[in-house]
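Enquirer: Mind looking over this structure? Questions follow.
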Amino acid sequence: LWGFLFSLAGMTETVAYLQAEADSNWLQTYEPETWKKTNKYLFLSGYLNYRMTGNYSDSVGSQVGYIPFDYKAMTWCGKNDWKWQAVPVDPSMLPELVPPTGKLGDVTAEAAAHTGIPEGLPVIAAAADKACEVIGAGCVDPSIACLSYGTTATINTTHTKYVEVIPLIPPYPSAVPNAYSLEIQIFRGYWMVSWFKREFGQNEERLATQRGVETEELFDDLVNSVPAGSQGLMLQPYWSPGLKVPGPEAKGAIVGFGDVHTRAHMYRSMLEGLAYALREGAERTTKRSHIPITEIRVAGGGSQSKAAMQLTADIFGLPTTNPHVYEASGLGAAMDIAVGLKLHPDFKVAVKEMTRTGATFEPIPE
38 LWGFLFSLAG MTETVAYLQA EADSNWLQTY EPETWKKTNK YLFLSGYLNY RMTGNYSDSV
98 GSQVGYIPFD YKAMTWCGKN DWKWQAVPVD PSMLPELVPP TGKLGDVTAE AAAHTGIPEG
158 LPVIAAAADK ACEVIGAGCV DPSIACLSYG TTATINTTHT KYVEVIPLIP PYPSAVPNAY
218 SLEIQIFRGY WMVSWFKREF GQNEERLATQ RGVETEELFD DLVNSVPAGS QGLMLQPYWS
278 PGLKVPGPEA KGAIVGFGDV HTRAHMYRSM LEGLAYALRE GAERTTKRSH IPITEIRVAG
338 GGSQSKAAMQ LTADIFGLPT TNPHVYEASG LGAAMDIAVG LKLHPDFKVA VKEMTRTGAT
398 FEPIPE
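In terms of this note's numbering, the sequence shown is residues 38 to 403.
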């Protein structure tokens, strides 16, 4: 019956993907004895919370994975939800959920002895890394998008309304209570910089070692040596496929080669391809949410590249700014703590008091 209903709703691929990716299904299939002895099923965040507080509790904002979680209601699924049929987990195995900024418990004497953190210190719920990065970049207004130039490149916006940017793919819980983080991701995003360095960047690696700088700093010279558009060389940045966008059949491609093209063109086209893919995500987000994006913030390691920041501003046609710290996830978690402990009354004030912007790159008309 479930299979027939999934087929009618066009959910067959989504359900199959969840079943295939769920660690609980793998354990039940390949380590059945281990699964039979499993009493509690927690993400790493929940396990760490347990070791710190002795409580089986976790943040709503950390529930990003293949579990029976209702992303719209931000709680565990109702008893008749199909997700309970897709994985072998039952409600008694799952932790108590606490909203971001809520108290998970207090540091136990045992945890204090192991970590040096004072006993009795409150442990406050934050959220997943990307969700924390979004607010750490100051993006709590839905008109300000956060691009994450990390291993996985993403574009996120914070909304109080539930919106599926890609149908049947839910938004994640935000690090702000009762809010959603709308996300489009490029799975092998700025990982591609590492790929390029390994395959084509030996000269820059050697020079970087001699000068005592990071190799990626020298890659900016490659970008700036090539005109916008890479003289017609285009890169499709799907070195790894996706469930819905671009789809499991997607492959990466570099097209438009001519006799003028060099590895510098390849590198610039790679950054341009990523930026265009994220711009397509921004357009999709605007279409689904009906809220235009007017400003871009960029976090993650790739945001340290001035060349990447400028071409991002050019491709989006919007002012593009990086926060004062490129590793914004930790700052976002600290903001959850500050609001949770009433050091700041709300996130609007926390953003004002705890975040600053770095350089702003204005789009150059070309």
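We put the beta carbon where it would ideally sit given N, CA and C, even for glycine.
What are the complete alpha helix (DSSP H) segments, minimum 4 residues, inside the region 46-110?
Expert: The qualifying runs are 49-58, 60-67, 69-73 and 81-90.
Enquirer: Tell me where the beta strand (DSSP E) around Val171 begins and ends.
Expert: Run containing Val171: none in the beta strand (DSSP E); it sits in the alpha helix (DSSP H), Asp166 to Gly173.
Enquirer: Decide if Ile401 is buried, meaning its Cβ has at least 16 other Cβ atoms within 10 Å, or exposed.
Expert: It counts as exposed.
Enquirer: Since I believe Lys109 is in contact with Pro207 (beta carbons under 8 angstroms), could you give me their beta-carbon distance rounded to a whole number of angstroms?
Expert: Contact flag correct, Cβ pair sits at about 7 angstroms.
Enquirer: Run through DSSP, which three-state label would Tyr275 get?
Expert: DSSP places Tyr275 in coil when its eight states are reduced to three.
Enquirer: At a cut of 8 angstroms, does the region 187-204 reach the region 367-376 through at least three beta carbon pairs?
Expert: In short, these stretches do not touch, since the Cβ pair count stays below three.
Enquirer: Spatial neighbours of Leu45 within its chain, please: CB distance less than 7 angstroms, with the 5 preceding and 5 following residues excluded, ordered by chain position.
Expert: Confidence at Leu45 is low in this model, with a pLDDT of 48, below 50, so the placement of that residue should be treated as unreliable; the coordinate-derived value is given next. Result list for Leu45: empty, nothing under 7 angstroms.
Enquirer: Using DSSP bridges, identify the partner residues of Asn193.
Expert: Beta-bridge pairing links Asn193 to Cys183 and Glu220.
Enquirer: How big is the Cα-Cα spacing for Leu131 and Tyr313?
Expert: Cα to Cα, Leu131 sits roughly 40 angstroms from Tyr313.
Enquirer: How many angstroms separate the CA atom of Ala190 from the CA atom of Asn62?
Expert: The alpha-carbon atoms of Ala190 and Asn62 are separated by roughly 28 angstroms.
Enquirer: Going by DSSP, what residue range makes up the alpha helix (DSSP H) through Glu242?
Expert: Note, Glu242: alpha helix (DSSP H), Gln239 to Arg248.
Enquirer: What residues in its chain sit with their C-beta under 8 angstroms from that of Thr75, if we drop five residues either side in the sequence?
Expert: Counting only Cβ-Cβ distances below 8 angstroms, and skipping sequence neighbours, we find Leu64 and Met130.
Enquirer: Helix, strand or coil: how does DSSP classify Phe353 here?
Expert: Helix, per DSSP.
Enquirer: Just verifying my parser: in three-state terms, what is the DSSP assignment at Phe233?
Expert: DSSP places Phe233 in helix when its eight states are reduced to three.
Enquirer: Using only alpha-carbon positions, find the residue among Tyr93, Phe384, Glu309 and Ser94 that is nearest to Gln268.
Expert: Minimum Cα distance to Gln268 is reached at Glu309.
Enquirer: Are there 16 or more other CB atoms within 10 angstroms of the CB of Ser262, so buried, or fewer, so exposed?
Expert: When all chains shown are included, Ser262 counts as exposed.
Enquirer: Would you decide whether Phe41 is buried or exposed? Buried here means 16 or more other CB atoms lie within 10 Å of its CB.
Expert: Any answer about Phe41 is weak, because its pLDDT of 48 lies below 50 and its placement is not dependable; what the coordinates show is given next. Counting Cβ neighbours within 10 Å, Phe41 comes out exposed, since fewer than 16 surround it.
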